[in-house]
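Residue numbers (the numbering used here): 137 to 1319.
We put the CB at the ideal spot given by N, CA and C, even for glycine.
Notes to accompany the following structure.
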């Protein structure tokens, strides 16, 4: 593990300190510094987080005094001579007590000075690990530690030192988790320092974290009024059990059923608690009023009644919701009285914004943004309806949260925590009751409410089924040709999805009843184990609503059968600490009725009628046994069956009638099932695919059932042997049925080898445009476009008049006119090959004034942000946006290291989250108006499959996102990356909107040229810099997605050579821990035959990166880049496999969670495509 502690501290609270105070103004004898009257202790609270402000006050406990005598001191008071705080871990020279042995390098904690009026100068206070006292050494005797693990190697026999290193690592990680407030902190038990004189600590449970404001929402049994605290202002520690594990569930999954439209503040401001009275000098006593001495904490309403704790469980559930309902609205909570001064109110900007969650009726959705939302009342709120239900004994669906509807029955995971978290000031929430519109309830003969099972798949209503069936009319934003193209590219993936669902359904025992859990507006159903979005079939606990996906269920079941205790993922426990046994979970589907299988039938019919090539395994003999599954319920259910049911007058493929008396699903708790979930032999290869278990042992099995035809890639172009005049349009060409023995002439040429290089490796042919030119009519020289900027213009592609040229030795297409309407036709030919593409000249279309550093500094300069040192990956906290932009084009104004060297910085996660459109609406509009290939890149682009996801669902966050960083110019910087090697689950378009050449450094142009040459750039790229005088911004290295596994294997090999570990739940690419410099790129090419694209992105260039393609970036000058993600039909397969791959990452990975919802995207894209094709079937009969 690499842990860098050498940066600025993330927190002051919890740190040890040394202080020297008194009336004596010196002079102080530095030769006898150890004899000065030092006082040592620990910081417990601070008045605010800005250490540069002269009014900084801290609450401290001194080592030689009891904690009851803790006090507030003024750090910058006249009496304070020296104040030192723990900063970082280093190696320091240490001599043995005898003095005969030469000094050794020993790990030590250094202290950084906030105040130094005594003239310590180069003297640094350190504490050797394993010792208590501090000593003073010269800075020259200290060496930075780059790797904490490596520092332990010479200390293997010193258990005390190793334990202290481990404690420091643990403390550092805990502080990061507390401040960042990620989902992995939710449910953790913490202890909070108390400023009340009667107690030192009190405990609480974290129920939510807000990364934007760096605050925690907590539930505290000892102080019910305490609801919000700031871990940067008050000392907070995570409590661990005896085994060293966090005292909570094995893993709290954060907000599982969550609305992702939650608000966040636009800027982080310096947090400040109220002033302590100035009249008390530099030392102050602690306020004694209990409940008002909670620095950094926000109390709830004083009339709030304390509610009891939920039933004991292995872990607290996630945040609760008062009403388990829909579309988000933002509101600001009431201003609470201050913690230390009741007369001071917090700034409005410091308040956290919570989403207002309400249920929206179908009629109200028409004007949702223009009116106040009305919450639908529960049936139990109507006394007359309750009386009828009690008399009839009729079952009904739970239409509210467990706490409001049935507090004495089993509560779901969300509502159990909600029962003691909720109060009048916290009616807003980001999670939803898991039994809402899912569980059935019934009054017994005594009028007592009881559980009556769950909804079954046939219990749907027209509104529920309409979400999943294709419309029989033209779809907004989609045309006929695009629908054909989408179906040609992702139809096979959809069929595999249906087959997978059929296979899972076939493993469910005949006597097991399948439940139906309807989709809830604004909620993304997620697996409680691996965080993957649940598409349809999954398993649910009938007592607490715990849900697991198919893959996690299969892995757990397989592990039990094989007596394997080493689970890849940990499962939450149920109420009262009971284990969740797989056989006790009930199978549940989200798509109502047989809609999934009916759409699958329609897809096959439509592709046949329209001549769209299909290469799915559905027609294979082995799948004939898997006919459409019958729902495990009453067979009288009426549903559409593909071609046999005509479209209804309401334009939906809709069931005409829903039977009223079908048996509900009864919980299977306690039942012991013996049937295995292992797949049948004929489907074992498919189960291996869905579970991601494709390895050397089962690779042969995986390939056996697939016929030769199925091994071929999806054919997209017919033989183009016709005269040029008879050439068809791209859409008609790609969709024309072709024989199985043919592949496209163009595709054959694109994939052919152009010979061998000096080292024997095959290279791509350098005649691409000659190939394209052979497909079109001959053109005279006068017809050719003029040559811009000295670059050779090749013939146009497939007859489209699209200005373009080739880079990277004719392997990279560069389009020259960003607004050319034919761009997407040319782009698509290279894009479907998995190649990156570049478009130049966008900066001429943008409003340049919007993208200058000065405009960002003027508008957002006061916002507090985190910065990253690109050379060390150290995070600098407490800086402002203005600090970054001040040094963007002026090296002398940059933040500096302790050695005085200017830092190479990048802005971390700014603007935060999904705030770009809200914070910068004019820039958003300017970007969307001018971004190339809008068919792909715009949110509503017809070839952006993410646009097909209905508004009913949580839309994936696809940007835009900004990437702002200084350039790495010096020769030593060539081994560093601005962004290390990684890959993304979606496609991306990265726009270079501004390049800043900083002043204050000599020979920049020469060094940039050397870096470009060192980066393996081709001659035409170099000419753009040397002859055309364009501004180079960043050097990219992009690799094909198909080479990912080779790169991963290579990096693991290099890591082993360097003595590094390769943990199972980490990945050298996803960890973003490597930058491939020239030597590593050369080894990768020689040893594995992997060659990427070396691309220099100049001002105005847009680099298109395919999903799943590993890439890295090295800024040459200071750059402002903006990226927009999208989901193209050509690369959906990479999105799907990456989602499976991300499941196995540790939960600290930002990519671990499946936010793209790729299965839902595929389903609804296909649904819309077949809808428009069916609506136009009449045109087939006329043609």
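On a Cα-Cα basis, can you pick out the residue from the options that is closest to residue i?
{"i": "residue 255", "options": "1147, 294, 184 and 167", "result": "167"}
{"i": "residue 948", "options": "1112, 1230, 1222 and 299", "result": "1230"}
{"i": "residue 159", "options": "147, 274, 214 and 347", "result": "214"}
{"i": "residue 1160", "options": "365, 941, 710 and 162", "result": "941"}
{"i": "residue 177", "options": "191, 189 and 209", "result": "209"}
{"i": "residue 278", "options": "238, 224 and 364", "result": "224"}
{"i": "residue 1254", "options": "1227, 1234 and 1239", "result": "1234"}
{"i": "residue 1040", "options": "1143, 1068, 1251 and 1077", "result": "1251"}
{"i": "residue 185", "options": "1004, 745, 367 and 264", "result": "367"}
{"i": "residue 251", "options": "211, 596, 257 and 270", "result": "211"}
{"i": "residue 1078", "options": "1264, 1295 and 341", "result": "1264"}
{"i": "residue 181", "options": "169, 196, 174 and 175", "result": "196"}
{"i": "residue 585", "options": "531, 660, 625 and 1174", "result": "531"}
Counting C-beta neighbours from all protein chains within 10 Å, is the total for residue i 16 or more, i.e. buried, or is it exposed?
{"i": "residue 774", "result": "Any reading at residue 774 must be qualified, since the residue scores a pLDDT of 38, below 50, and its modelled position is unreliable; no value is offered."}
{"i": "residue 605", "result": "buried"}
{"i": "residue 1303", "result": "buried"}
{"i": "residue 1316", "result": "exposed"}
{"i": "residue 484", "result": "The pLDDT assigned to residue 484 is 31, lower than 50, so where the model puts this residue is not dependable, and the model offers no usable value."}
{"i": "residue 1071", "result": "buried"}
{"i": "residue 968", "result": "buried"}
{"i": "residue 544", "result": "exposed"}
{"i": "residue 938", "result": "buried"}
{"i": "residue 730", "result": "buried"}
{"i": "residue 1197", "result": "exposed"}
{"i": "residue 155", "result": "buried"}
{"i": "residue 276", "result": "exposed"}
Since residue i and residue j should fall inside the 8 Å C-beta cutoff, what is the C-beta to C-beta distance between them, to a whole number of angstroms?
{"i": "residue 1096", "j": "residue 1258", "result": "5 Å"}
{"i": "residue 1118", "j": "residue 1206", "result": "7 Å"}
{"i": "residue 945", "j": "residue 1154", "result": "5 Å"}
{"i": "residue 573", "j": "residue 656", "result": "7 Å"}
{"i": "residue 589", "j": "residue 570", "result": "The Cβ separation is near 15 Å, so there is no contact."}
{"i": "residue 339", "j": "residue 325", "result": "6 Å"}
{"i": "residue 317", "j": "residue 345", "result": "2 Å"}
{"i": "residue 300", "j": "residue 266", "result": "7 Å"}
{"i": "residue 1236", "j": "residue 977", "result": "5 Å"}
{"i": "residue 1249", "j": "residue 1115", "result": "4 Å"}
{"i": "residue 274", "j": "residue 258", "result": "5 Å"}
{"i": "residue 169", "j": "residue 272", "result": "5 Å"}
{"i": "residue 1157", "j": "residue 943", "result": "6 Å"}
{"i": "residue 1001", "j": "residue 1017", "result": "5 Å"}
{"i": "residue 986", "j": "residue 1058", "result": "6 Å"}
{"i": "residue 307", "j": "residue 253", "result": "About 30 Å separates the two Cβ atoms, so there is no contact after all."}
{"i": "residue 310", "j": "residue 374", "result": "5 Å"}
Using 8 Å as the Cβ pair cut-off and three pairs as the minimum, do the stretch 1237 to 1244 and the stretch 1113 to 1133 touch? yes
Per the contact definition of three or more C-beta pairs closer than 8 Å, is the stretch 1297 to 1317 in contact with the stretch 612 to 625? yes
For the stretch 1044 to 1063 and the stretch 1096 to 1108, state whether three or more C-beta atom pairs, one from each stretch, are separated by less than 8 Å. yes
The stretch 1134 to 1146 contacting the stretch 1209 to 1220, beta-carbon criterion three pairs below 8 Å: no
Sufficient close CB pairs (3 or more, under 8 Å) joining the stretch 542 to 552 to the stretch 671 to 684: yes
Flag this pair as touching only if the stretch 719 to 733 and the stretch 662 to 677 have three or more C-beta atom pairs under 8 Å; answer yes or no. yes
Could you check whether the stretch 1074 to 1089 touches the stretch 1032 to 1044, counting it as contact only if at least three pairs of C-beta atoms, one from each stretch, sit closer than 8 Å? no
Between the stretch 993 to 1000 and the stretch 1064 to 1081, are three or more C-beta pairs nearer than 8 Å? no
Taking the runs of the alpha helix (DSSP H) that are 4 residues or longer, which of them lie wholly in the stretch 1177 to 1237? 1180 to 1193 and 1214 to 1224
Is it true that the stretch 1140 to 1154 meets the stretch 1103 to 1111, where meeting means three or more beta-carbon pairs spaced less than 8 Å apart? yes
Ordered list of beta strand (DSSP E) runs contained in the stretch 567 to 593, each at least 3 residues: 575 to 579 and 585 to 590
Count the C-beta pairs between the stretch 1183 to 1200 and the stretch 1218 to 1225 that are closer than 8 Å, then say yes if the count reaches three, no if not. yes
As an exercise, report each continuous beta strand (DSSP E) stretch of at least 3 residues that is fully enclosed by the stretch 990 to 1042, in chain order. 1000 to 1005 and 1010 to 1016
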